[in-house]
Amino acid sequence: MDINHWQRRLAELCEAHRVPGASLAVLVDGEVHECATGVLHLGTGVEATADSLFQIGSITKLYTATVVMQLVAEGRLDLDAPVVSVLPEFAVADALATKTVTPRQLLSHTSGIDGDFFHDTGRGDDCLAGYVAACAELGQNHPPGATMSYCNSGFTVLGRIVEVLTGQVWDDVLRERLLDPLGARHTVTLPEDVLRFRSALGHLGEPGAQPVPAHRWGLSRSAGPAGTINATAADVVRFARLHLDGGRTPDGAVVLPAERVAEMQRPFVRLPASHAHRMCWGLGWISYDWPGGRVIGHDGATIGQKAFLRVVPEAGVAVALLTNGGVPAEVYQRLFTELLTEHAGVAVPEFEPPAEPPAVDVSRYVGSYLREGYDVEVTERDGVLRLRGVTTGELAGINAVTDVELVPVEEGLFAARRNAHEPWAPVAFYALPDGSPYLHFSMRAAPRS
74 MDINHWQRRL AELCEAHRVP GASLAVLVDG EVHECATGVL HLGTGVEATA
124 DSLFQIGSIT KLYTATVVMQ LVAEGRLDLD APVVSVLPEF AVADALATKT
174 VTPRQLLSHT SGIDGDFFHD TGRGDDCLAG YVAACAELGQ NHPPGATMSY
224 CNSGFTVLGR IVEVLTGQVW DDVLRERLLD PLGARHTVTL PEDVLRFRSA
274 LGHLGEPGAQ PVPAHRWGLS RSAGPAGTIN ATAADVVRFA RLHLDGGRTP
324 DGAVVLPAER VAEMQRPFVR LPASHAHRMC WGLGWISYDW PGGRVIGHDG
374 ATIGQKAFLR VVPEAGVAVA LLTNGGVPAE VYQRLFTELL TEHAGVAVPE
424 FEPPAEPPAV DVSRYVGSYL REGYDVEVTE RDGVLRLRGV TTGELAGINA
474 VTDVELVPVE EGLFAARRNA HEPWAPVAFY ALPDGSPYLH FSMRAAPRS
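For the sequence shown, my numbering assigns the number 74 to the initial residue and increments by one for each residue that follows.
In structure tokens:
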């Protein structure tokens, strides 16, 4: 593999899409190749290098899911028993959900618990216990198992389950059970450990505009199991290799039994308008149905940083891209298309509306759609739908307001993007089995109020 070629392509694409810095790692033929470009902080000009740490955001969930499945393999956790059977203090506002939500539903984002509850419970080792206690007032997005809605909250609960079953804090369990066996010496969870390495700061701004350094570095510690890992791209690819090699490390040690590795990757729930997303959710992993073969992966986003991981099991290929601002989705789309086509025979599909959008009755979709951490208003004027989304809660004022036109693709399915610098995203209107109207946008379900 000519890594110099891919370093040049990475640099070209990052410059074109105003990404300050990025790190790329590729696993091909059993070898890890890595490169980087740009800077870690536009204010300081510190160079991004292959050994720089970036925030991988929700790719962290794959690590947490792996540890959870270790406990399942050891017979210490039943995925289909209620959470309260191992975590008696667990409660949410809905009594039925409190009694019935299972670890499997948390892993697959089907619990219905409001998912974007970013509640800071401090820096102490009791932060996950405090977070679970605060969930008592947390609302229910949908009945358990009724649909899929991305749920950060559920992974913090899973992290607390890990703590209770092992008697250790999540950070230590992750290190002992997963990171040390993998030799992942450039993967950490706490800010004080990040300080030992060269590391990236996120950058914010409107797509296409010059990004500026974020005024806040990262998420609170209570979000740990859902999204606070910092790592090099190469370490992320080494983690992915574990799942390519049936749960074994390169020296043959079994970290996770092969049957549990396969169970994590197996599709469990489809998204609304799944033909547009071309993806299903497993137990942690996303499974993509792409031209040329099956792909698994996950993305991550924190404050001005975004990360992308794609793995092609049949080809033994894994690619990780870590970025710190700008419009990284466009870099991902183009770079991964080239890489995966050449090395795995897989094409990355693009979602976009038809050149001539169909005529649909848009009036039925007008209304307010509310969920934890995000309020959406859908309006109609002269037959054109618009969606306005506002972040609430702890991240209010950090994430930009979304204000987009919804372009019809078919009845109940629309395409949206903030401007021409961003890729199109699906927006689906649908109903639960009981007839309740819902909006599905950015992997989240929101009921009409």
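For every residue, glycine included, the Cβ atom is placed at its ideal position computed from N, Cα and C.
Source: prediction; values computed, not measured.
**Q.** Cβ-Cβ distance between Gly185 and Ala170 below 8 Å
**A.** Result yes, Cβ atoms of Gly185 and Ala170 sit closer than 8 Å.
Q: Use the C-beta contact count for Glu387: other C-beta atoms within 10 angstroms, 16 or more gives buried, fewer gives exposed.
A: By the neighbour-count rule (16 or more Cβ atoms within 10 Å), Glu387 is not buried but exposed.
(Q) Based on DSSP bridge pairs, tell me the residues matched to Cys108. (A) Cys108 is bridged by DSSP to Leu97.
**Q.** Closest by C-alpha distance to Ala391, when choosing among Gln378, Gly377, Leu413 and Pro431
**A.** Checking every option, the nearest Cα to that of Ala391 belongs to Leu413.
Q.
What would DSSP say about Pro499, mapped onto helix, strand or coil?
A. It is a strand residue.
Q: Go through its chain and collect everything with a Cβ distance to Gly320's Cβ below 8 Å, but skip five positions before and after it.
A: The beta carbon of Gly320 sits closer than 8 Å to those of Val327, Val328, Leu329, Pro330, Ala331, Arg333 and Val334, all from its chain and outside the five residues before and after it, given in chain order.
Q. If you draw a straight line from the C-alpha of Pro286 to the C-alpha of Gly389, how long is it?
A. So the alpha carbons of these two residues sit roughly 37 Å apart.
Q) Looking at the unbroken beta strand (DSSP E) that takes in Thr194, where does it start and where does it end? A) Counted as a single uninterrupted DSSP element, the stretch harbouring Thr194 is not any beta strand (DSSP E), since DSSP gives it neither H nor E.
Q) Are the Cβ atoms of Gly377 and Leu247 separated by less than 8 Å? A) No.
Q. I think Ser131 touches Gly300, with their Cβ atoms under 8 Å apart; what is that distance to the nearest whole Å?
A. Confirmed, Cβ separation roughly 5 Å.
Q. Measuring CA to CA, which of Val205, His182 and Ser181 is closest to His192?
A. With distances taken between Cα atoms, His192 lies closest to Val205.
Q. Hey, quick one: how far does the beta strand (DSSP E) through Leu185 stretch, first residue to last?
A. Residue identity differs from the one stated: residue 185 is Gly in this sequence, not Leu. Careful: Gly185 lies outside any beta strand (DSSP E) and carries neither H nor E.
Q. With 16 as the cutoff for other CB atoms within 10 Å, does Pro427 come out buried or exposed?
A. With fewer than 16 Cβ atoms within 10 Å of its Cβ, Pro427 is classed as exposed.
Q. Taking contact to mean at least 3 C-beta pairs separated by less than 8 Å, is the region 204-219 in contact with the region 499-517?
A. By the Cβ test, the region 204-219 is in contact with the region 499-517, since at least three Cβ pairs between them sit closer than 8 Å.
Q | Under the three-state DSSP convention, the category Gly370 falls into | A | Strand at Gly370.
**Q.** Of the residues Thr464, Glu467 and Glu423, the one placed nearest Ala488, counting alpha carbons only
**A.** Scanning Thr464, Glu467 and Glu423 for the CA closest to the CA of Ala488 turns up Glu423.
Q: Tell whether a beta-carbon distance below 8 Å holds between Glu425 and Trp497.
A: By the CB criterion at 8 Å, Glu425 and Trp497 fall inside the cutoff.
Q. If you count every other CB in all the chains shown that lies within 10 Å of the CB of Asp37, and 16 or more means buried, which is it?
A. This structure cannot settle anything about residue 37, because the visible part of the chain is limited to 74 through 522.
Q) In its own chain, which residues sit with a C-beta less than 6 Å from the C-beta of Tyr442, not counting the 5 before and 5 after it? A) Cβ neighbours of Tyr442 beyond the five flanking positions: Val449, Leu512, Ala519 and Arg521.
**Q.** Residues that Glu483 bridges to, as DSSP identifies them
**A.** DSSP, once it has assigned bridges, lists Leu486 as partnering Glu483.
Q) For Gly275, which of Ala95, Phe502 and Arg461 has the nearest alpha-carbon? A) Taking only the C-alpha atoms, the option nearest Gly275 is Ala95.
Q. When you compare each of Gly398, Val174 and Leu97 to Gly281 by their alpha carbons, which one comes out closest?
A. Checking every option, the nearest Cα to that of Gly281 belongs to Gly398.
Q | Stretch pair the region 147-155 + the region 194-209: three plus CB contacts closer than 8 Å | A | These segments do not touch.
Q) Taking the continuous beta strand (DSSP E) assigned at Leu180, which residues delimit it? A) Counting along the chain, Leu180 falls outside any beta strand (DSSP E), though it belongs to the alpha helix (DSSP H) covering Pro176 to Leu180.
Q: Please state whether DSSP places Trp243 in a helix, a strand or coil.
A: Residue state, collapsed to three classes: helix.
Q. Quick one, which of Ala349, Ala402, Val385 and Gly366 has its alpha-carbon nearest Ala374's?
A. Considering only alpha carbons, the answer is Ala402.
Q: Can you tell me the Cβ-Cβ gap for Ala121 and Ala273, rounded? I've got them flagged as a contact below 8 Å.
A: At roughly 7 Å, the Cβ-Cβ gap stays under 8 Å, so Ala121 and Ala273 are in contact.
Q) At a cut of 8 Å, does the region 341-349 reach the region 261-268 through at least three beta carbon pairs? A) By the C-beta criterion, the region 341-349 is judged not to be in contact with the region 261-268, since fewer than 3 inter-stretch pairs fall below 8 Å.
Q | Bounding residues of the beta strand (DSSP E) (the contiguous stretch that carries Val140) | A | Looking at the DSSP string, Val140 is not in any beta strand (DSSP E); the run it does join, the alpha helix (DSSP H), is Thr133 to Ala146.
Q. For Asn303, does the three-state DSSP call read helix, strand or coil?
A. DSSP, reduced to helix, strand and coil, places Asn303 within a strand of the structure shown.
Q) Helix, strand or coil for Pro330 per DSSP? A) The answer is coil: DSSP assigns Pro330 none of H, G, I, E or B.
Q: Return the residue from the list Leu238, Ala209 and His416 that minimises the CA-CA distance to Glu104.
A: It is His416.
(Q) Give me, in chain order, the residues of the same chain whose beta-carbon lies closer than 8 Å to that of Glu483; leave out the 5 immediate sequence neighbours on both sides. (A) Annotation for Glu483: Pro431 and Val433 place their beta carbon closer than 8 Å to its own, counting only its chain and skipping 5 residues before and after.
(Q) Taking the straight line between their C-alpha atoms, what separation do you get for Tyr503 and Arg294? (A) Going from the Cα of Tyr503 to the Cα of Arg294 covers about 35 Å.
Q) Alpha carbon to alpha carbon, what distance is there between Asp362 and Leu135? A) Leu135 and Asp362 have their C-alpha atoms some 19 Å from each other.
Q. Do the region 78-95 and the region 238-245 make contact, defined as three or more Cβ pairs closer than 8 Å?
A. Short answer: they don't touch.
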